[in-house]
Amino acid sequence: MSVAEPRFLRFDPSACGFPSAQVPPLPKPRLGALRWRANPSPSAAGWASFALGRYALHAAFEAAGVGRQGALLAPAYHCRTMLDPALALRAEISLYPLDEALQPDVAALAARLQQPGQPVAAVLVSHFFGRLQAPALMGEIAALCQAHGARLIEDRAHCLTLDALDQPSPADFVVCSPYKFVGSLDGGMLRCSPRAQAPARQSAAPVRAELRGWLHALRALASSPAAPPIQSPCGAALPPAGSHLNEVSLGPSGHYQQHLQARQGLSSSRWLARHTRLDSLAAARLKRYHQWHAHVQSLSGCRPLYPTWQEQDVPYMFPLLIDAAYPLFHRLKQCGVPIWRWDELLQSPCDTATRYREHLLHLPCHQDLSESQMGWMMGQLGEACHLATRQRGTA
Ligand SMILES: Cc1ncc(COP(=O)(O)O)c(C=O)c1O
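Residue numbers for the sequence shown follow the working numbering, so the first one is 549 and each next one is one higher.
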């Protein structure tokens, strides 16, 4: 599907009055999570530093000729920051469908590459929630891209990557987003294959921004790790359902700041990435992921997106499919449960994307969650599922 006029369907929660989250969705850096001996250096392994993954994507899109030479072909299920860099380049965006496990529909992707008219300059493939797409599938897509003169961009924003800097890739560009894992103020990285044209060198951040980064890191390191027990702000009445807006958006969203495109990540962020204990981070995330998975088995009205998880993949978040977006999502948001949901999507006929826009919740499983935070979130989910089932029974 080609999108000449980018038309987004966006959930507008402004009428719902959701409180802010009671538990941080991303980790904070902690003294106990650091090691003094540095991890392998990303720059020595060929990674360039960017302020965020979205700006690394911009550099990759630009080097691939997105906008100038052709369209971006991206997954139909996406967050806005995956597309913003293409919109900043005034590029046409095409979407390819995904199956229920969020694997690309290769036949549809191939059909778009072969389509006459606007050529495809680059194909973006994401490893959602840290679950790696199968190497054979990546190889198949790489071969298709090569055959049609398109660049392949591998989006590892949901993958730790810092623990596998040398991991080979069939892609021309690989992008990742280390701040999501180490809790730094910013941080994105890009690696180009020798056959791809490397983007221009990034400039260092101004001193004020550097100071802000170090202050943020030092404050977090000095703060106490466990949050106090949480009191639920839930009211008895359900909030209004909110609305869904259908809008054309020709440029990038407010989450994209063009002046950061050419900037390196902060030195504090790069330091944290080098000094975070990656093995204990991975183990803690897997533990939380499995806790969610086991808890959800006993609940009705929801299920894990993935029935199984490969232990070598470090999870970014726990993806949960829910049957009734209203009231379950609203109830949880009203209680301050930290939930992310990609409910602003460029429109496409993809059934998976259409359903997941409202029904796929992203729940935190990061290393910085305490037992009490985890217990509270699981309790809220259990209660909300129970209430939703009771309401269905009395309806
Ligand atoms: C799959 C995916 N790709 C790319 C990005 C952009 O990463 P960043 O937040 O580092 O700009 C995100 C952002 O969350 C993402 O979820």
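Ideal Cβ positions, reconstructed from N, Cα and C, are used throughout, including at glycine.
In this text the structure is predicted, and so the values were computed from the model without any measurement.
Does the Cβ-Cβ distance between residue 602 and residue 633 come in under 7 Å? Along the sequence shown, one-based indexing puts residue 602 at 54. Along the sequence shown, one-based indexing puts residue 633 at 85. In this structure, residue 633 lies closer than 7 Å to residue 602 by Cβ.
Looking at the strands, I want to know which residues DSSP matches up with residue 796. On the sequence shown, position 248 is the one that residue 796 refers to. For residue 796, which the question treats as bridged, DSSP gives the partners 555.
What is the DSSP secondary structure of residue 912, reduced to helix, strand or coil? As a first step, residue 912 is located in the sequence shown; it is residue number 364 there, counting from the start. In this structure, residue 912 counts as strand in the three-state DSSP scheme.
Between the stretch 640-656 and the stretch 589-606, are three or more C-beta pairs nearer than 8 Å? no
For residue 825, which of 580, 556, 570 and 567 has the nearest alpha-carbon? Taking the first residue of the sequence shown as 1, we reach residue 825 at position 277. Closest by alpha carbon: 580.
Residue from 590, 699 and 860 with nearest C-alpha to residue 622: Mapped onto the sequence shown, residue 622 falls at position 74. For residue 622, the nearest C-alpha among the options comes from 699.
Could you tell me which of 787, 657 and 620 sits nearest to residue 686, measuring between CA atoms? On the sequence shown, residue 686 is found 138 positions in, with the first residue counted as 1. Per the Cα distances, 657.
Proximal residues to residue 970 (C-beta, below 6 Å), its chain only, five neighbours per side dropped: What is shown of the chain runs 549 to 943, which leaves residue 970 out entirely.
Can you check whether the CB of residue 575 is closer than 7 Å to the CB of residue 861? Counting from 1 along the sequence shown, the entry for residue 861 is found at position 313. Counting from 1 along the sequence shown, the entry for residue 575 is found at position 27. Contact: no.
Beta-carbon distances below 5 Å to any heavy atom of ligand 1 define the shell here; list its residues in chain order, please. 600, 601, 602, 627, 629, 630, 674, 703, 705, 725 and 736
Can you tell me which of 635, 615, 573 and 565 puts its alpha carbon nearest to the alpha carbon of residue 556? Counting from one through the sequence shown, the residue named residue 556 turns up at place 8. Cα-wise, what sits closest to residue 556 is 635.
Is it true that the stretch 663-678 meets the stretch 688-697, where meeting means three or more beta-carbon pairs spaced less than 8 Å apart? yes
Between the CA atoms of residue 731 and residue 701 - distance to the nearest angstrom: The count along the sequence shown starts at 1 and reaches residue 701 at position 153. The count along the sequence shown starts at 1 and reaches residue 731 at position 183. Answer to the nearest angstrom: the Cα atoms are 25 Å apart.
Apart from the five residues just before and just after residue 872, which ones in its own chain have a Cβ nearer than 8 Å to its Cβ? Counting from one through the sequence shown, the residue named residue 872 turns up at place 324. If we look at residue 872 and ignore the five residues flanking it on each side, its Cβ neighbours are 849, 936 and 940.
On the three-state DSSP scale, how would you describe residue 887? One-based indexing of the sequence shown puts residue 887 at position 339. Residue state, collapsed to three classes: coil.
With a cut-off of 8 Å on the beta carbons, I'd call residue 854 and residue 704 a contact; round off their distance for me. Counting from 1 along the sequence shown, the entry for residue 854 is found at position 306. Counting from 1 along the sequence shown, the entry for residue 704 is found at position 156. Not confirmed; about 17 Å, so no contact.
Cutting at 6 Å between CB atoms, please list the residues of its own chain near residue 797, excluding the five before and the five after it. Walking along the sequence shown from the start, residue 797 turns up at place 249. Excluding sequence neighbours, residue 797 sits near 554 and 556.
If you reduce the DSSP assignment to three classes, tell me which class residue 933 lands in. Here residue 933 is taken as the residue at index 385 of the sequence shown, counted from 1. In this structure, residue 933 counts as helix in the three-state DSSP scheme.
Go through its chain and collect everything with a Cβ distance to residue 816's Cβ below 8 Å, but skip five positions before and after it. In the sequence shown, residue 816 corresponds to position 268, counting from 1. Correct list, in chain order: 732, 733, 758, 761, 762, 764 and 765.
Where residue 560 sits in the DSSP three-state scheme: Taking the sequence shown and counting its residues from 1, one reaches residue 560 at position 12. Of the three classes helix, strand and coil, the one that applies to residue 560 here is strand, per DSSP.
Which stretch, first to last residue, makes up the alpha helix (DSSP H) that contains residue 609? Position 61 of the sequence shown, counted from the start, is the residue given in the question as residue 609. First-last of the alpha helix (DSSP H) with residue 609: 601-612.
Assess, as a yes-or-no matter, whether the stretch 818-837 is touched by the stretch 789-803 under the definition of 3 or more beta carbon pairs within less than 8 Å. no
Contact defined as beta carbons within less than 8 Å: I believe residue 597 pairs with residue 818. What is the distance between those atoms, to the nearest angstrom? Within the sequence shown, the letter at position 49 stands for residue 597. Within the sequence shown, the letter at position 270 stands for residue 818. Contact holds; Cβ gap of about 6 Å.
Give the DSSP bridge partners of residue 652, in chain order. Here residue 652 corresponds to residue number 104 of the sequence shown, with the count starting at 1. According to DSSP, residue 652 bridges with 646.
What three-state label does DSSP hand residue 729 in the structure shown? Here residue 729 refers to the residue found at position 181 when the sequence shown is read from its first residue. It is helical.
Terminal residues of the continuous alpha helix (DSSP H) containing residue 693? As a first step, residue 693 is located in the sequence shown; it is residue number 145 there, counting from the start. 683-695 is the span of the alpha helix (DSSP H), which, as asked, contains residue 693.
Residue closest to residue 745, alpha-carbon to alpha-carbon, out of 834, 721 and 618: Taking the sequence shown and counting its residues from 1, one reaches residue 745 at position 197. Answer by Cα proximity: 721.
Secondary structure of residue 741, DSSP reduced to three states: Indexing the sequence shown from 1 puts residue 741 at position 193. Coil, per DSSP.
Would you say residue 692 and residue 661 are within 7 Å of each other, going by their C-beta atoms? Here residue 692 refers to the residue found at position 144 of the sequence shown. Here residue 661 refers to the residue found at position 113 of the sequence shown. For residue 692 and residue 661, yes; Cβs fall inside 7 Å.
Beta-carbon separation (whole angstroms), residue 677 vs residue 867, contact threshold 8 Å: Residue mapping note: residue 677 aligns to position 129 of the sequence shown, counting from 1. Residue mapping note: residue 867 aligns to position 319 of the sequence shown, counting from 1. Indeed, because the Cβ distance is near 5 Å, the residues count as touching under 8 Å.
Can you give the Cα-Cα distance for residue 615 and residue 800, rounded to whole angstroms? Start at 1 with the first residue of the sequence shown, and residue 615 comes out as number 67. Start at 1 with the first residue of the sequence shown, and residue 800 comes out as number 252. Each residue's Cα considered, the two are about 14 Å apart.
Output the boundary residues of the alpha helix (DSSP H) element that contains residue 632. Stepping through the sequence shown from its first residue, residue 632 is reached at position 84. Run containing residue 632: 628-636, per the alpha helix (DSSP H) assignment.
Using the three-state DSSP reduction, which class does residue 523 fall into: helix, strand or coil? It is not possible to answer for residue 523, since the shown part of the chain is limited to 549 through 943.
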